[in-house]
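Note sheet for the following structure.
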Amino acid sequence: MEFTLALATLYGKLLGVVGLGYILGRCSPPTLPQRIGDFLFWIGVPLGVLIFLRGADLSGAIALAPVIAWVATLAGAALTWLWSRYQPLPQSQSTGTLMLATMFGNTGYLGYPIILTLLGEQYFAWVLFYDLLGTTIGAYGFGSLIVAAFQPQRARVLPHVELLKALQNPIWWALGLGLWVRNFPLPVTVETSLRVVGWGVISLSLVLIGMRLSQLRSLRHRRSVAAALGIKMVIVPLVLGMILGLLGMTGALQLTLVLQMAMPPAFATLVLSEAYDLDRELAVTAIALGSIALLFTLPLWLLLFPP
Numbered sequence: 215m216e217f218t219l220a221l222a223t224l225y226g227k228l229l230g231v232v233g234l235g236y237i238l239g240r241c242s243p244p245t246l247p248q249r250i251g252d253f254l255f256w257i258g259v260p261l262g263v264l265i266f267l268r269g270a271d272l273s274g275a276i277a278l279a280p281v282i283a284w285v286a287t288l289a290g291a292a293l294t295w296l297w298s299r300y301q302p303l304p305q306s307q308s309t310g311t312l313m314l315a316t317m318f319g320n321t322g323y324l325g326y327p328i329i330l331t332l333l334g335e336q337y338f339a340w341v342l343f344y345d346l347l348g349t350t351i352g353a354y355g356f357g358s359l360i361v362a363a364f365q366p367q368r369a370r371v372l373p374h375v376e377l378l379k380a381l382q383n384p385i386w387w388a389l390g391l392g393l394w395v396r397n398f399p400l401p402v403t404v405e406t407s408l409r410v411v412g413w414g415v416i417s418l419s420l421v422l423i424g425m426r427l428s429q430l431r432s433l434r435h436r437r438s439v440a441a442a443l444g445i446k447m448v449i450v451p452l453v454l455g456m457i458l459g460l461l462g463m464t465g466a467l468q469l470t471l472v473l474q475m476a477m478p479p480a481f482a483t484l485v486l487s488e489a490y491d492l493d494r495e496l497a498v499t500a501i502a503l504g505s506i507a508l509l510f511t512l513p514l515w516l517l518l519f520p521p
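Taking the working numbering, I'd label the letters of the sequence shown as residues 215 to 521.
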């Protein structure tokens, strides 16, 4: 009953807060999402990391989180490449975007609030390491190398430049500082206030997702996107989740990692597609349909991998 209530709370938060963001995105100045995004990037998300690390459990083989992220990334890329051999797309740029969509999920702005709501702060460090050392480094490092091979002209953006930009993300400083100060005792009132601030940041990130979705204008290549989402959000997390169970990772930890693997395509898919002249419309469709599909896949993972 308690877990069902948590799921209902999550759905209410996703639909309500993201829906609010969608409405705001339709009626607010076009520069507002960028300003909110800048605030979250430089202040909000790093502050949230500092706060939620205080309640995270850092024991166990936490270094496996990015390893699992990379395995999921490579599995998604391999399956997409095989699928494209049998169902080739009309343009190589579309194949590059499709690979991005299956390799990297929205493990930050969506992964953080979903797992914190369902499972609490205990495994937040696993979520964070998966996102930073897996998705962030992967998308702007390895992802840039992959998509450069699919663009029609010579790369305008150098992969190592994108990787250096990813390493300049202030969330890295927040991670280091958070690990240092996480055990410093604070008064109960301060701890409570920090949690309120942390959840405020999470809510604002969901508002931003809604605002970003309101700016998407087209939904093309639905068949190709459906195949990519099947790989990214069903096949890879299902197979790897079962393997994790065989390796002894069960319960809430197993579900945490499965949920991260099953997140819809990251907004980095669109960013890199635009930077490398790939298929922007395909990226838009993958992000939009993936965000909708998440509402239907979440119960599947809760049934298959109960905490």
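By construction, the Cβ of each residue, glycine as well, lies at the ideal position given by its N, Cα and C atoms. These numbers were taken from a predicted model, which means no experiment stands behind them.
So, using beta-carbon positions, are residue i and residue j closer together than 9 Å?
i    : j    : result
S487 : A497 : yes
P520 : L332 : no
Q478 : L359 : The sequence as given places Pro at residue 478; Gln does not occur at that position. No.
G357 : Y236 : no
G322 : A507 : no
M447 : T350 : no
V285 : L420 : no
P247 : R426 : yes
L330 : F266 : yes
Find the nearest neighbour of residue i within the set the options, judged by alpha-carbon distance.
i    : options                : result
D482 : W256, G319, L391       : Residue identity check: residue 482 is Ala in the sequence provided, not Asp. The residue with the shortest Cα to Cα distance from A482 is G319.
L393 : F356, F338, T349, L452 : F338
P327 : Y490, L492, G414       : G414
R494 : W295, A292, G310       : G310
A441 : G465, E335, W295, V402 : W295
G274 : M463, R249, G390       : M463
A353 : I385, F253, S242, M313 : M313
M317 : L514, A500, L518       : A500
L347 : I276, A489, L427       : I276
L400 : L330, V281, G269, A283 : G269
L342 : R249, L422, I282, L229 : I282
Is it buried or exposed for residue i, if we count other Cβ within 10 angstroms and need 16 for buried?
i    : result
T287 : buried
V470 : The identity of residue 470 in the sequence shown is Thr, whereas the question assumes Val. By the neighbour-count rule (16 or more Cβ atoms within 10 Å), T470 is buried.
Q474 : buried
W256 : exposed
A363 : exposed
Y344 : buried
G407 : Note that residue 407 corresponds to Ser in the displayed sequence, not to Gly. Under this definition S407 is an exposed residue.
DSSP three-state label for residue i, please.
i    : result
G258 : helix
A369 : The predicted position of A369 is uncertain, since its pLDDT is 49 and thus under 50; a value taken from the coordinates is nonetheless stated next. Three-state result, A369: coil.
P478 : coil
G319 : strand
Y337 : coil
P520 : coil
M396 : Inspection of the sequence shows that residue 396 is occupied by Arg rather than by Met. Residue state, collapsed to three classes: coil.
D345 : helix
F510 : helix
Q307 : helix
Are any of the Cβ atoms in chain B nearer than 9 Å to that of residue i?
i    : result
Q382 : Structure shown: chain B not included; a single protein chain is present.
Secondary structure, alpha helix (DSSP H): runs of 4+ residues fully inside the stretch 398-434: 402-428
Entirely enclosed alpha helix (DSSP H) segments - the stretch 219-276, minimum 4 residues: Correct list: 246-253, 259-266.
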